[in-house]
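Since the structure comes first, as structure tokens, the remarks are kept for the end.
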Amino acid sequence: MPSPLVTTQWLQDNLDNERLVLIDASMATVIGKDPIVYDRPMWIPGSRQIDLEGVLCDTGSSQTHAFPAEEQVTEEAQRLGITTDSLVVLYDNQGIYSAPRAWWIFRSMGVKHVFVLDGGLPQWLAEKRDVVSTIAENTATPSNFVANLDRSRVRDSAYVLHHLDDSRVTVIDARSRSRFLAQVPEPRPGVRSGHIPNSHNLPFTEVLEGNCFKPASELKAIFITLAPPLQSSSEPQLVFSCGSGITACIILLAAELAGYHQLSLYDGSWADWGRDESLPVA
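Residue 1388 is where the sequence shown starts when you use our numbering, and the numbers rise one by one after that.
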């Protein structure tokens, strides 16, 4: 399974796979799109849940939605029974919204086989597949998985500032164009309007088609204009940003689908950069 995505049909065919760990990574807070609101709770059969805004967020950090510590991911992965052999599939109830964030957390922490369900719960429902009204009881045998963060996958403001004029590094911002261009105020108090100098704007909605990602050929056409190959023929390093590190992971995953591999997340994103008066703003 070379793609970071799985289809609804693949998931349907593998619901009874003993290696499958199916996880609902939905968030209560949805910014940047009109949220899908459900009249009753529903999940794909066999789902377990994670809390991206609490359990898998470093609440001791001053950053909004700070990347979790290794200890947090270790504890949660062990609780879920995730092993080196597990097929971890993540989805959310907005189609494609917060599941890519969970995918990048687990992947950055050393989970080898982790995927996002393309289209999430809305696509599953559109195809009239079965759902349940209660979350599955977690009967998994606790594992001995230990998280080990690959620090090249998560960047801070010092790294971004140092590479502002580096032609080998491209910063791509997933916020709406109006926020990127400072045409509207930021939703978070105390955060300046504007964007990181020399960064590019790719609103996360532009890599999606309906509930799913656009085809890889269309994604390649989008990214080649933002991050063309370097003269040395080496691949540019792409750093992804947004409001607080959630939707940046959507376009990060899209870049991987487009064939890019040197990818990292500016975890603090604009909530971090825009609050720091010492950092330049365009």
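Every residue gets a Cβ at the ideal spot worked out from N, C-alpha and C, and that includes glycine.
Item                                                                                                             : Value
Buried/exposed call for L1617, threshold 16 Cβ in 10 Å                                                           : exposed
Spatial neighbours of K1601 in its chain, beta-carbon cut-off 7 Å, leaving aside the 5 residues before and after : V1594, L1595
Whether A1534 touches A1614 by CB criterion (8 Å)                                                                : no
Inter-stretch contact (C-beta, 8 Å, three-pair minimum) for the region 1453-1472 and the region 1521-1535        : yes
CA-to-CA distance, G1646 to I1611, given in whole angstroms                                                      : 10 Å
Residue burial classification, P1391 (beta-carbon count within 10 angstroms, cutoff 16)                          : buried
F1610 - containing alpha helix (DSSP H), residue span                                                            : 1603-1613
Cα-Cα separation, Y1546 to R1435                                                                                 : 35 Å
Contacting residues, own chain, Cβ-Cβ under 7 Å from P1428 (five flanking each side not counted)                 : S1520
Check whether R1540 and S1473 have beta carbons under 8 Å apart                                                  : no
is_contact[I1633, chain D] using C-beta, thresh 8 Å                                                              : Looking for chain D here will not work: only one protein chain is present.
Which of helix, strand or coil DSSP assigns to E1596                                                             : strand
CA nearest to the CA of V1501, picked from S1665, A1415, S1628, Y1478                                            : Y1478
Contact between the region 1484-1493 and the region 1561-1576 (3+ Cβ pairs under 8 Å)                            : no
Helix, strand or coil at T1557 [DSSP, three-state]                                                               : strand
Cβ pair count under 8 Å reaching 3, the region 1443-1452 against the region 1649-1663                            : yes
Residues that W1430 bridges to, as DSSP identifies them                                                          : V1519
Terminal residues of the beta strand (DSSP E) in which Y1478 lies                                                : 1474-1478
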